[in-house]
Amino acid sequence: MSEDRSQRFDALFTAYGRDIVAYCGWRASSPTDAQDAAADVFLTAWRRLDSVPEGDAARVWLYATARRVLANQRRSRRRHVALQERLAAEPTAAAPEPDPEAALVHEALLRLGARDREVLLLAEWEGLTPAQIGAVVGCLAVTARGRLHRARRRFRAVFDELGPEGRVSRDRPLLAKEGPEHA
Amino acid sequence: MPESIDALHRANPRAEAGFAATIDAVGAEVRLRIAAAGARDEPRVRHVRPRRRILGLSAAGVALLAAAAVAVFLTVDSSGVTPGVENAAAAIKKAATLTAASAERSGTVQVRITHGGQLWASKVIRWNGNDVEINDLSRKPSAGSPLLVVNGLLYGHDPQHEGWVQLGPVSNIDPGSGTTPTEQLDAIREDVGGATLRRMVAAMSASGLTTEDRSDGSTVYSGTVAAGQIARETGFKEGQTIRVFPFGYVAHGAAANAASLLDTAVTVAAGGVIRKLAVTWGTWTYTVTYSSLGSTPRIAAPEHATSLLKERMRAVHER
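Those sequence lines, one after another, are chains P and H.
Just so you know, we're using this note's numbering here: the first sequence kicks off at 1 and counts up by one.
Just so you know, we're using this note's numbering here: the second sequence kicks off at 1 and counts up by one.
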């Protein structure tokens, strides 16, 4: 384990740990799953450090890796949750009160298709360009640009339609609604 | 910029309270996983004893490599931490790795929850290879207890039958539910020495540790851990978040609040394996006691078990 390797990995986590934790936070089914996924992403980066590109391309590489890790996690989680609930004894805790505006945003996001939501949040929350979004989700930059344009338009429409009286469902993860995607 | 997009920016999870702490927790978890992975990813170590090849390395080799890897990465975030705490953190992380390796083939855990000193719930879980036995020792044991999975067949008790009932292949009874032998074992091993224990140990190390050496050679490491690192959120039920302790007990009170800091103590035996885990909140205590890791006997299928499938078929024919 060389010093250079450790230093490079530390620099990678310092520069992009925040981004990957945030991304996993809104894409995973629960906060603990998000932390597990983010840790898996950086473990993968450590193992394949020689394959991680230099500069800002490393950020895109990490997002793309996180996307795959989360997809795998969702598949295995379906089974594990069922087991946990089967073994569980009694439910008790209550969810915290949501911030009204955040809840409204959350509800509007839930009403988007999964693909729209993903490109919108990669742009607006993660600050990725259409070209970078294309690299993460596996499409051309021009396609990503078109999807982003439509996603923004749809989000605005849903947000305005919901208004301040919009129904609150902050306790559902953004991932929960994986309905039909828009063309 | 439209109001909706402004609102979207303000809802960015980076602005949420606790986000910085989450990054720290992930950082600690990453270093721990790298340490553990470093132990597993070094197949050319010379000190491997053939008897333990099933684990890839001997338990001692795992511990040594994990300690070495942890020592390297401790330099990343140990500013402001005293050398004694660093040593304690390394020792407890090493113990978690060693415990996971020891639990790989077989083991036994007793889980107890007490309230005001009185037993509230308890179960003993034994596993050997792919076979599992779950025995509920609570005052009001859950239906079906004890539960056995041997050679992929599920055995339990049914109020309508005396003795053991063979309920058939686990994978056929509830396909995709997470109750196949492999999935049950995966969950148990994750709780015994895998992700669950490593996450708790990482959180304890980050918050500062106190140590107490006992006369029997064991050491008790004490610290605080956010409840969310112990009782994982598994979903929602009846509009409420469910957090479940390792081995399946639903958290309640302060333990159900992810941000609550719970007093946690980990007892590491003289041999370096974790022997006991204790979490306390208010008048409640949750303990997990490990034993016979790697030496729990084979689990036998019950003799003369009634086949539920055959019983049902006979009942149909008699009508």
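Even for Gly, the Cβ is constructed at its ideal location relative to N, Cα and C.
The model shown is predicted, which means the values in this text are computed figures rather than measured ones.
Closest by CA to A58 of chain P, which one among P:E107, P:F42, P:A157?
Looking up residue 58 of chain P in the first sequence gives position 58. Cα-wise, what sits closest to A58 of chain P is P:F42.
Does any CB atom of chain H fall closer than 8 Å to the CB of L43 of chain P?
The count along the first sequence starts at 1 and reaches residue 43 of chain P at position 43. Chain H contact via Cβ: present.
So which of H:W164, H:A96, H:A269 has the shortest CA-CA distance to L148 of chain H?
For this step, residue 148 of chain H is matched to residue 148 along the second sequence. Of H:W164, H:A96, H:A269, the residue nearest in Cα terms is H:W164.
Sequence-distant residues of its chain with Cβ nearer than 8 Å to A71 of chain H (five each side left out)
Locating residue 71 of chain H in the second sequence gives position 71, counting from the first residue. Below a pLDDT of 50, predicted positions are generally treated as unreliable, and A71 of chain H, at 28, falls in that range; the measurement from the model is reported next regardless. Taken in chain order, the residues that qualify are A90.
Residues near T196 of chain H by beta carbon distance below 7 Å, same chain, minus five either side:
The residue given as residue 196 of chain H occupies position 196 in the second sequence. Counting only Cβ-Cβ distances below 7 Å, and skipping sequence neighbours, we find E190, P246.
Please compile the residues from chain H whose C-beta is within a distance smaller than 7 Å of the C-beta of T32 of chain P.
Taking the first sequence and counting its residues from 1, one reaches residue 32 of chain P at position 32. G228, R232, E233, listed in chain order.
At which residues does the alpha helix (DSSP H) containing L12 of chain P begin and terminate?
Here residue 12 of chain P is taken as the residue at index 12 of the first sequence, counted from 1. For L12 of chain P, the enclosing alpha helix (DSSP H) begins and ends at 3 to 27.
With burial defined as no fewer than 16 other Cβ atoms inside 10 Å of the residue's Cβ, what is the status of D184 of chain P: buried or exposed?
It is not possible to answer for residue 184 of chain P, since the shown part of chain P is limited to 1 through 183.
Give every residue of the same chain whose Cβ lies closer than 7 Å to the Cβ of R214 of chain H, excluding the five residues on either side of it in the sequence, and list them in chain order.
If you number the second sequence from 1, residue 214 of chain H lands on position 214. Cβ within range, chain order: V220.
I believe F13 of chain P touches V30 of chain H by the beta-carbon criterion, under 8 Å. Please report the beta-carbon distance rounded to the nearest angstrom.
Counting from one through the first sequence, the residue named residue 13 of chain P turns up at place 13. Counting from one through the second sequence, the residue named residue 30 of chain H turns up at place 30. Contact flag correct, Cβ pair sits at about 7 Å.
Select from H:V111, H:S207, H:R10 the residue whose C-alpha is nearest the C-alpha of D99 of chain P.
The residue labelled residue 99 of chain P in the question sits at position 99 within the first sequence. Distance check between D99 of chain P and each of H:V111, H:S207, H:R10 places H:R10 closest, using alpha-carbon atoms only.
Would you kindly check if the distance between the Cβ of T99 of chain H and the Cβ of I274 of chain H is under 8 Å?
In the second sequence, residue 274 of chain H corresponds to position 274, counting from 1. In the second sequence, residue 99 of chain H corresponds to position 99, counting from 1. Yes, they are a contact pair.
For G27 of chain H, go through chain P and note every residue whose CB falls closer than 7 Å to its CB, in chain order.
Locating residue 27 of chain H in the second sequence gives position 27, where the first residue counts as 1. Those are F13, G17, listed as they occur along chain P.
So, does the CB of G25 of chain P fall closer than 8 Å to a CB anywhere in chain H?
Numbered from 1 along the first sequence, position 25 holds the residue referred to as residue 25 of chain P. Under the 8 Å criterion on CB atoms, G25 of chain P is classed as interfacial with respect to chain H.
If you reduce the DSSP assignment to three classes, tell me which class K177 of chain P lands in.
Along the first sequence, read from residue 1 onward, the residue named residue 177 of chain P stands at position 177. Note on K177 of chain P: pLDDT 36, under 50, position unreliable in the model; the coordinate value appears next. The answer is coil: DSSP assigns K177 of chain P none of H, G, I, E or B.
E107 of chain P: first and last residue of the uninterrupted alpha helix (DSSP H) it sits in
Residue mapping note: residue 107 of chain P aligns to position 107 of the first sequence, counting from 1. 100 to 110 is the span of the alpha helix (DSSP H), which, as asked, contains E107 of chain P.
Could you give the DSSP three-state label for S218 of chain H: helix, strand or coil?
For the purposes of this step, residue 218 of chain H is taken as the residue at position 218 of the second sequence. In this structure, S218 of chain H counts as coil in the three-state DSSP scheme.
What residues in its chain sit with their C-beta under 6 Å from that of S207 of chain H, if we drop five residues either side in the sequence?
For this step, residue 207 of chain H is matched to residue 207 along the second sequence. Take S207 of chain H, set aside five residues on each side of it, and the residues of its chain with a beta-carbon closer than 6 Å to its own are G223, T224, in chain order.
Delimiting residues of the alpha helix (DSSP H) encompassing D131 of chain H
For the purposes of this step, residue 131 of chain H is taken as the residue at position 131 of the second sequence. Under the DSSP assignment, D131 of chain H falls outside any alpha helix (DSSP H), being part of the beta strand (DSSP E) whose first and last residues are 131 to 136.
Taking the alpha-carbon positions, what's the D216 of chain H to V266 of chain H distance?
In the second sequence, counting from the first residue as 1, residue 216 of chain H sits at position 216. In the second sequence, counting from the first residue as 1, residue 266 of chain H sits at position 266. In this model, D216 of chain H and V266 of chain H are separated by some 15 Å (Cα to Cα).
Step through the CB atoms of chain P and report whether any lies within less than 8 Å of the CB of A11 of chain H.
For the purposes of this step, residue 11 of chain H is taken as residue 11 along the second sequence, with counting starting at 1. Chain P contact via Cβ: present.
How about the segment 20 to 34 of chain H and the segment 133 to 147 of chain P: do they share at least three Cβ pairs that are nearer than 8 Å?
No, because fewer than three Cβ pairs between the segment 20 to 34 of chain H and the segment 133 to 147 of chain P fall closer than 8 Å, the two stretches do not touch.
Taking C-beta to C-beta, are I134 of chain H and I125 of chain H nearer than 8 Å?
Stepping through the second sequence from its first residue, residue 134 of chain H is reached at position 134. Stepping through the second sequence from its first residue, residue 125 of chain H is reached at position 125. Contact flag set, yes.
Nearest candidate by alpha-carbon position, reference L7 of chain P, set P:A135, P:L49, P:E118, P:W61
Working through the first sequence from its first residue, we reach residue 7 of chain P at position 7. Per the sequence shown, the amino acid found at residue 7 of chain P is Gln instead of Leu. Nearest of P:A135, P:L49, P:E118, P:W61 to Q7 of chain P, Cα basis: P:L49.
I'd like to know if P146 of chain H contacts chain P, where contact means its C-beta is closer than 8 Å to some C-beta of that chain.
Mapped onto the second sequence, residue 146 of chain H falls at position 146. Closer than 8 Å to the CB of P146 of chain H there is not a single CB belonging to chain P.
Given a limit of 7 Å on CB to CB distance, which residues of the segment 112 to 145 of chain P reach chain H?
The segment 112 to 145 of chain P vs chain H, Cβ under 7 Å: E124, W125.
I'd like to check one pair, A231 of chain H with A256 of chain H: are the Cβ atoms closer than 8 Å?
As a position in the second sequence, residue 256 of chain H is number 256, starting the count at 1. As a position in the second sequence, residue 231 of chain H is number 231, starting the count at 1. Going by C-beta atoms, A256 of chain H is nearer than 8 Å to A231 of chain H.
Is R44 of chain H buried or exposed, if buried means 16 or more other CB atoms sit within 10 Å of its CB?
Translated into the one-based positions of the second sequence, residue 44 of chain H becomes position 44. Because R44 of chain H sits at a pLDDT of 31, beneath the cut-off of 50, its placement in the model cannot be relied upon, and the point is left open.
Taking the beta strand (DSSP E) that G146 of chain P belongs to, which residues open and close that run?
Start at 1 with the first residue of the first sequence, and residue 146 of chain P comes out as number 146. For G146 of chain P, no beta strand (DSSP E) encloses it; the enclosing alpha helix (DSSP H) starts and ends at 141 to 162.
Three-state secondary structure (DSSP) at T300 of chain H?
One-based indexing of the second sequence puts residue 300 of chain H at position 300. A small fix is needed here, since residue 300 of chain H is Ala in this sequence, not Thr. Note: A300 of chain H maps to coil in three-state DSSP.
F155 of chain P versus T65 of chain P - alpha carbon distance:
Translated into positions along the first sequence, residue 155 of chain P becomes position 155. Translated into positions along the first sequence, residue 65 of chain P becomes position 65. Near 26 Å, if we compare the C-alpha coordinates of T65 of chain P and F155 of chain P.
Here's the rule: buried if 16 or more other CB atoms are within 10 angstroms of the residue's CB, otherwise exposed. What is G156 of chain H?
Within the second sequence, residue 156 of chain H is the residue found at index 156, counting from 1. Classification for G156 of chain H: buried.
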